[in-house]
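See below for the structure under consideration.
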Amino acid sequence: IVTVSIENDEAQAIAIQSDGKIVVVGHNAKSAKYDIFVLRFNTNGSLDSSFDGDGIVITRVGSFVNNANAVSIQPDGKIVVAGFSKSGKYGDFTILRYNTDGSLDNSFDGDGIQTTTIGTDDAYIRSVSLQADGKIVVAGFSRDATQVVYTLARYLSNGSLDTSFDKDGIVTTTIGSNNADARSIVIQKDGKIIAAGNTTFGSSRAFTVVRYHPNGRLDSSFDTDGIVTTRLGTINDYLYKVALHKDGKIVVVGYSNTGTKIDFALVQYNTDGSLDNSFDSDGIVTTSIGTKQDAATALAIQADGKIVAAGSSHFFSGTGTFAIARYNNPSLSISPLTGVNKEISFYPNPTQDILHIRGAAIGSTVALYDMQGRMLKREVIKASDASINLQELAKGNYLLKITTKEGVEGSAKVLKE
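Residues are numbered in this note's numbering as their position in the sequence shown, beginning at 1, plus a constant of 20.
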């Protein structure tokens, strides 16, 4: 555990550099003025003195309130920080870019700072992501007199708005009755942009995932209109983060509210926006940890596909603690077979008895080997949703191999528990 005292400070986001150094951003309050801070730690937890002399950079943009909600590290090591700033009544989208030594990068909009006024009221950035071409995509909300809308903006690497993105660099999407707030953003390998957050429908709130084409248009191949909303609890649900599996499936986390209990909530979607029924049978998992309320506010996917959700748990009124949970991912793609016929997946993994196989063409063969290469089972697939019984096998690791009729092979490890 490392604690750093600036002055009434609150960390909002974290990123890890390629060299292992840790960057933390947020805001601190001094005399009712909120400033953006960036901290950089060495891998041993000490502040990095090569970063502005003491590991701490404080930046005031607006004259009243400034806050950093998101951070991302460019391949060249420059640090992109996003949030909002206020000089008058309303907040503006605000992006800052720092050099590796902690100084503002003057090649970014002339002074390292870009502010964008959107709508007639507040506009806040909640999340930032970097494209492979160096463009910066941010998501959050903007407000006018009657509604709050999903708001995305894309900037060129020099800090100017990218006019190839919906002609002016800004996209707003109205969802629900009058309140839609994008909390998190990721970019697919094909350049499509996924923004996830929350939408109010009448008196209740629901998870909302929206997918856009690289030019900013809604992607109609995603649930026919580019927008998916999911209700979990009976009153208000709240989504905080989104992440992508290697096979393109989408995971979001937050909390669900039944009216009497608030729980960790995870939802997994297929690439077309439908709920992934291989994930706890309906695509939705809720986990009760404490006795009162639990909220997952952070999300990461391990290299093996397991999902890590972290946040807070309240065991009784007034007392809270950090909470972290890890979930198995029952649907793992066999990537060498992707695109041959259709994507092949198997679940659950780890398994106890029956291993289900989805998407393999009829006539393909499935074989199971021990780790010494000895074949234990071999069957011909006779239906698009097939299965193989592992009940009589001992606990341990096995190799699953599927061969299509065309002779293309794919393999992956399976754990029998």
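Where a beta carbon is used, it is the ideal one built from N, C-alpha and C, also for glycine.
Nearest candidate by alpha-carbon position, reference residue i, set the options
i	options	result
Asp131	Thr79, Asn199 and Ser298	Thr79
Gly268	Thr193, Ser365, Ser308 and Asn64	Ser365
Val287	Ala381, Val305 and Asp239	Val305
Ile408	Gly111, Ala165, Gln372 and Lys425	Gln372
Val169	Val428, Asn218 and Val43	Asn218
Thr192	Val206, Ile145, Ile99 and Ser223	Ile145
Thr307	Val328, Gly393 and Lys41	Val328
Ile213	Ser147, Ser301 and Pro95	Ser147
Asp324	Asn62, Asn348, Gln94 and Ile344	Asn348
Asn16	Ile99, Lys106 and Pro95	The question about residue 16 has no answer here: the residues shown for the chain are numbered 21 through 437.
Ala343	Ser431, Asp302 and Asp283	Asp283
Met391	Gly40, Glu27, Ala88 and Ser431	Ser431
Ala215	Gly236, Phe221 and Gly222	Gly236
Asp405	Ile377, Thr339 and Ala414	Ile377
Gln94	Val43, Ala52 and Lys53	Val43
Thr339	Lys326, Gly310, Ala52 and Gly416	Gly310
Gln322	Ser301, Asp201 and Arg346	Arg346
Ala88	Ser294, Tyr54, Gly108 and Gly73	Tyr54
Asp201	Gly179, Arg163 and Gly189	Arg163
Cβ pair residue i, residue j closer than 9 Å
i	j	result
Ala90	Gln167	no
Thr317	Val273	yes
Tyr258	Leu172	no
Phe104	Ala143	yes
Tyr289	Val248	yes
Pro234	Gly253	no
Lys402	Ile382	yes
Glu437	Pro370	yes
Asn256	Arg225	yes
Phe227	Ala285	yes
Ala118	Asp129	Residue identity differs from the one stated: residue 118 is Tyr in this sequence, not Ala. Not in contact: Tyr118 and Asp129 (Cβ atoms no closer than 9 Å).
Ile133	Ile115	yes
Val22	Phe71	no
Thr17	Ala165	Residue 17 falls outside the range modelled here, since the chain spans only 21 to 437, and no answer is possible.
Gly196	Phe221	yes
Lys281	Gln313	yes
Whole-angstrom C-beta distance between residue j and residue i, which should lie under 8 Å
i	j	result
Val157	Gln151	6 Å
Ala35	Ser123	Their Cβ separation, rounded to whole angstroms, is 18 Å, which puts Ala35 and Ser123 out of contact at 8 Å.
Ser332	Ala315	6 Å
Val45	Val101	5 Å
Tyr260	Arg203	6 Å
Asp153	Thr137	Going by Cβ atoms, the distance from Asp153 to Thr137 rounds to 26 Å, so no, they are not a contact pair.
Val206	Ser149	6 Å
Neighbourhood of residue i by C-beta distance below 8 Å, restricted to the same chain and skipping five residues each side
i	result
Val24	Leu59, Leu67 and Ile76
Asp29	Gly46, His47, Asn48, Ala49 and Phe57
Glu27	Asn48, Ala49 and Lys50
Arg398	Thr385, Val386, Ala387 and Leu388
Asp238	Residue identity differs from the one stated: residue 238 is Leu in this sequence, not Asp. So the list reads Thr193, Val230, Arg231, Tyr232, Asp245, Gly246 and Ile247, once near-sequence residues are dropped.
Lys415	Lys436 and Glu437
Neighbourhood of residue i by C-beta distance below 7 Å, restricted to the same chain and skipping five residues each side
i	result
Lys155	Arg174, Tyr175, Leu176, Ser177 and Asp182
Gly97	Gln37 and Thr120
Ser69	Gly75
Tyr389	Met395, Leu396, Tyr418, Leu419 and Lys421
Leu375	Phe366, Ser407, Ile408, Leu410 and Val434
Lys425	Ala381, Gly383 and Ser384
Leu264	Val206, Gln208 and Ile270
Asp296	Lys269, Gln288, Tyr289, Asn290, Gly303 and Ser351
Ser240	Gly246
Thr358	Residue placement at Thr358 is poorly supported in this model, since its pLDDT is 41, which falls under 50; the coordinates still yield a value, given next. Closer than 7 Å at Cβ, skipping near neighbours: no residue.
Lys326	Arg346, Tyr347, Asn348 and Asn349
Asn277	Gly253, Ile255, Asn256 and Asp257
Cutoff 6 Å; reference residue i; Cβ partners in own chain excluding five residues on either side
i	result
Gly40	Thr63
Thr194	Val169
Gly279	Thr254 and Ile255
Asp292	none
Val400	Thr385
Arg251	Ala226
His334	Gly310, Lys312, Gln313 and Gly340
Pairing CB atoms from the stretch 181-192 with CB atoms from the stretch 239-257, are three or more of them under 8 Å?
no
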